[in-house]
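Accompanying notes for the structure given below.
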Amino acid sequence: TYYPESNVFYTREPINQTYEFSTIHFYFTPEKLKSAEVLEDRRYLQLPERLTERTRELALNITMGLESPYEKVKALENYLRVNYEYNEDYRFAPPNWEPNDWFLFEEKRGVCINFNSALAILARCLGIPARLALGFLIDPTIEQQTVKTNQTHAWVEVYFKDIGWIPFDATPYGRLEARLGEEDGERIPTITRISSISRRELTRESVFNVNGTVFSIDGTPINGVKVVVYLARGVGVENISRPWLKTGEDTIYPVGLGEAYNGVFNITCKVSREVEVGYYSVVAHSLGKGEYKPSEGISKAKVRVVSLTRILVSSPRRVIPKRRFQVSGVLIDDEGNFLPHQRIQVYLDHKPLTIRYTDTHGTFRISLSLNEGTHKVDLVYPAEGNRELVLHPPTTHKPLLFHSRTDFYRPSRETLLLEAREVDIQPYTNKVFVRGLTHQVWGKIYFGKEPLENQRIHIKIGELIDLETTTDSAGIFNTTCVLGPYSKLGEYKIVYNLTEFNYSEAEEVVLKARTKLKVESPDEVAPRETFTVNVVLTDEHGYGVRQASIEVQGRQKTIKNGISRFAITAPEDEGDYVIKASFNGSTFYLPSSCVVKVHVKHKTPLTYYMIPLVITGFMVSLLVLRHRGFLEPKKSCREKDHIAETVSHPTGDIKTTLILSLPDLTDLPGICGVGDNIRIKATLLDENGKEVYDKKVEVFVRRHVNGEFEFLDEVLTGLRDECRYSFREKGCFEIVGEFKGDEKYCPSTSKQEVRVVDYREEIVNGYLKLLHTLRSEGLEVPSNATVREISEFLMNEALWMVPKTFLKKLTELFELARYSNHPITRREYRLASTLMEYTVRGVIVGW
Numbered sequence: 015t016y017y018p019e020s021n022v023f024y025t026r027e028p029i030n031q032t033y034e035f036s037t038i039h040f041y042f043t044p045e046k047l048k049s050a051e052v053l054e055d056r057r058y059l060q061l062p063e064r065l066t067e068r069t070r071e072l073a074l075n076i077t078m079g080l081e082s083p084y085e086k087v088k089a090l091e092n093y094l095r096v097n098y099e100y101n102e103d104y105r106f107a108p109p110n111w112e113p114n115d116w117f118l119f120e121e122k123r124g125v126c127i128n129f130n131s132a133l134a135i136l137a138r139c140l141g142i143p144a145r146l147a148l149g150f151l152i153d154p155t156i157e158q159q160t161v162k163t164n165q166t167h168a169w170v171e172v173y174f175k176d177i178g179w180i181p182f183d184a185t186p187y188g189r190l191e192a193r194l195g196e197e198d199g200e201r202i203p204t205i206t207r208i209s210s211i212s213r214r215e216l217t218r219e220s221v222f223n224v225n226g227t228v229f230s231i232d233g234t235p236i237n238g239v240k241v242v243v244y245l246a247r248g249v250g251v252e253n254i255s256r257p258w259l260k261t262g263e264d265t266i267y268p269v270g271l272g273e274a275y276n277g278v279f280n281i282t283c284k285v286s287r288e289v290e291v292g293y294y295s296v297v298a299h300s301l302g303k304g305e306y307k308p309s310e311g312i313s314k315a316k317v318r319v320v321s322l323t324r325i326l327v328s329s330p331r332r333v334i335p336k337r338r339f340q341v342s343g344v345l346i347d348d349e350g351n352f353l354p355h356q357r358i359q360v361y362l363d364h365k366p367l368t369i370r371y372t373d374t375h376g377t378f379r380i381s382l383s384l385n386e387g388t389h390k391v392d393l394v395y396p397a398e399g400n401r402e403l404v405l406h407p408p409t410t411h412k413p414l415l416f417h418s419r420t421d422f423y424r425p426s427r428e429t430l431l432l433e434a435r436e437v438d439i440q441p442y443t444n445k446v447f448v449r450g451l452t453h454q455v456w457g458k459i460y461f462g463k464e465p466l467e468n469q470r471i472h473i474k475i476g477e478l479i480d481l482e483t484t485t486d487s488a489g490i491f492n493t494t495c496v497l498g499p500y501s502k503l504g505e506y507k508i509v510y511n512l513t514e515f516n517y518s519e520a521e522e523v524v525l526k527a528r529t530k531l532k533v534e535s536p537d538e539v540a541p542r543e544t545f546t547v548n549v550v551l552t553d554e555h556g557y558g559v560r561q562a563s564i565e566v567q568g569r570q571k572t573i574k575n576g577i578s579r580f581a582i583t584a585p586e587d588e589g590d591y592v593i594k595a596s597f598n599g600s601t602f603y604l605p606s607s608c609v610v611k612v613h614v615k616h617k618t619p620l621t622y623y624m625i626p627l628v629i630t631g632f633m634v635s636l637l638v639l640r641h642r643g644f645l646e647p648k649k650s651c652r653e654k655d656h657i658a659e660t661v662s663h664p665t666g667d668i669k670t671t672l673i674l675s676l677p678d679l680t681d682l683p684g685i686c687g688v689g690d691n692i693r694i695k696a697t698l699l700d701e702n703g704k705e706v707y708d709k710k711v712e713v714f715v716r717r718h719v720n721g722e723f724e725f726l727d728e729v730l731t732g733l734r735d736e737c738r739y740s741f742r743e744k745g746c747f748e749i750v751g752e753f754k755g756d757e758k759y760c761p762s763t764s765k766q767e768v769r770v771v772d773y774r775e776e777i778v779n780g781y782l783k784l785l786h787t788l789r790s791e792g793l794e795v796p797s798n799a800t801v802r803e804i805s806e807f808l809m810n811e812a813l814w815m816v817p818k819t820f821l822k823k824l825t826e827l828f829e830l831a832r833y834s835n836h837p838i839t840r841r842e843y844r845l846a847s848t849l850m851e852y853t854v855r856g857v858i859v860g861w
């Protein structure tokens, strides 16, 4: 059974038959292993219960100042090799004495199992998972050999992520070599020589050929022996075939494998990407065969492994003439390592322009300014000179190698073709934006005389809108936007920005609001009768437009708060009299108009004589009914008393208009909260629109019950024009103002309906109604989710019309109203109502 996580085969019964297997060994450079992390597995971190504290301290002292797990294990391995003796005549640990402590501090001698058991324990003390492996020590250079029982061996393995199990052996060097050399005494020595090498300069991934011969010591050519070719430096030839003798400063790379025929070999070799740049000896190692011993041959001349280089450049390909722009780049080798402090020669249109040197991260920058036209910029790395080179990998910027010259790097060149032309942005966007409507933002961009296609353009309208779009093949950009229905009116700057060129153009636009003009007039008047027309000008939300000039029948008047009155005289002829009112617009408001018809008709004279008779007959009938008991007065109805008083007052000839206004409810007209102390203002105007002062006006409140309004409270009786009132319960109410008239002025009345609500309930119910509306619009709002989950759902859906800040604030207000005891004021209710209205509109448009 094979266990891949441990790289182990296991059999429950002995294997009596012959079997074969093949394996591939990978050699990793110390730099690769230093940057690797170990496997986190508690199975390989177990420690003996009797482990001593001095064992832990020894592990810490040996590895003090080291960072990577690989460096720590190598330090432990070398410490054991140098400070302890390999001796088969060693003493076992006494009873109850921890064996590793006995070996490390008392006996200090032993065999491979003692050395590597101690290595595994010391590694685990440092939190490095390690395991002890048992097997046989064989000669890797001999293709066929007999393995005997005295070749049993133990070593340590540590698993590195993305690499695998890496062996470590704390057994001293001399003993290993001696044990493997015991069997070579009876074999015939061989001589391996290298005749020629096809190339002296090599690059990573390059291929070259090595020719040579393998003869016995008496000159007999050896046939069929395998030959391995290495690139080596820092290692004696006698140790090439023994990787376990390689130290951290040695470098050995296998590059080719072949076979000698009649004593001659011709092996095609390939330089792997792991090979570092530098000078190397080429070593041919024959593995030996049967009666022939292995041998090594080394080239007389060394080969040089060099790295290809590359200049990676970031630069615009299209620029504006005589305007400075940046060209930046980085110089790397073929492994992606940065090359610092290297010279970069810059040529403009084949002429030398300047010289730059890379910084510690291999980067450089050039500031250029070009005349109009097409230009060629060459960036050349000559790979010559004696500047110090410190190699940095692109991920950590930690120095890896040091070279005193650039002999090991190939030159490189990067060429840029740059176009310098004038850029022209021609916007076609309407200069007037209307709040709450969709608008087209478009235009055309030229580069020189040609349309600039596939160009990203960033468009910003003040702080209201941020857009990005791309030009088509004709250089046209075209997109749409909606400025929020409650955006502040005013002048804004729309900026068109081309990021590639760091170029922008701007123009002024104005944000206006739609208006609605309403004319209130009597349905019928007499010829030549002077009557009053009320004109109301509001924006799209119903708020009055201030300081606006209104024209009615050719007469102009400036209104202050959205309401104005005009006195108009009817014509002599009967028929429909057309009244035209118009608002020609202002800086921030669009124009509007309104046309109404008033019927002009002569009043029948008989009417004036019949009215007193009818009234007299009605009063007589009323007295008769009351006398007979069919009609009893309602003693508690104060409203009837008011009416009675009104009838009894004399009336004059000047018509009046009574206007009731609620200044505290202008933000949410007709809606009031329970307990709000609101102002009620009464204004009396004559037929010319002039205010009449010092007249008695009565104001009272009626409550809506069973489809009718009944008297509730009297609020104002007297000459004052303003009072306050606080509603004590929810419901629908009517505020009635009444001027009963006098000898000079006619009576008039005015009414205002008010809905009194609980702000907390309104926010909660409004939010639930909002979710119902969203579902009815096709949005699949989850039904069992929390408020926060619903908010996240809405923000993650395609609600591009609704800013996320609106949804977050609406969620906060709902939670405040439903789950807290915090007082909810008109301010919170007004904000919640606005956000809910905006969300519904945005969803209907966007969804």
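Reminder that position 274 of the sequence shown reads as 288 in this note's numbering, one-by-one numbering, no gaps.
Glycine is no exception: its CB is placed at the ideal position from the N, C-alpha and C atoms.
Counterpart residues of residue i in DSSP-defined beta bridges
i	result
P441	G457
Y306	I202, K303
R569	V566
H472	E482, N511
N575	Beta-bridge pairing links N575 to no other residue.
Own chain partners of residue i with C-beta closer than 8 Å, once the 5 adjacent residues on each side are dropped
i	result
N97	K122
T77	E85, K86, A89, L90, L140
V241	T206, G226, V228, L271, G272, E273, A274, F279, I281, A298, H299, S300, L301
V778	F828, A831, R832
N237	A274, Y275, N276, G277
G576	V550, L551, T552, Y557, G558, V559, R560, A562
I231	I202, P203, T204, I205
Where residue i falls: helix, strand or coil (DSSP)
i	result
M850	helix
L72	helix
T374	coil
P268	strand
C495	strand
Q165	helix
E85	helix
V614	strand
S607	strand
A134	helix
N223	strand
H555	coil
E196	Confidence is the limiting factor: at E196 the pLDDT is only 49, short of 50, which leaves the residue's position unreliable and the question unanswerable from this model.
V801	helix
Y244	strand
Y293	strand
Same chain, Cβ closer than 6 Å to residue i, neighbours up to 5 away in sequence not counted
i	result
E543	A584
V239	V228, A274, S300, K303
L245	Y267, V269, Y294
I281	V224, V243, G270, G272
S675	K695
Y773	G687, I838, Y843
F182	V87, E91, V170
L821	S805, L808, M809
Expected contact under 8 Å - CB spacing of residue i and residue j to nearest Å
i	j	result
S321	Y395	In fact, because the Cβ distance is near 12 Å, the residues do not count as touching under 8 Å.
E554	R528	5 Å
L512	G489	L512 to G489, Cβ: 12 Å. No contact.
Chain-order list of residues whose beta-carbon lies under 7 Å from that of residue i (same chain, five-residue window excluded)
i	result
T372	L345, L353, P354, H355, Q356, I358, F378
F339	P330, V333, L382
T66	E112, D115
P677	R693, K695
N468	T484, T485
Quick check for students: name the residue ranges of the beta strand (DSSP E) that lie wholly in the region 660-734, counting only runs of 3 or more. 670-675, 685-687, 691-700, 711-719, 722-732
Whole alpha helix (DSSP H) runs in the region 31-66 with 4 or more residues, listed along the chain? 44-48
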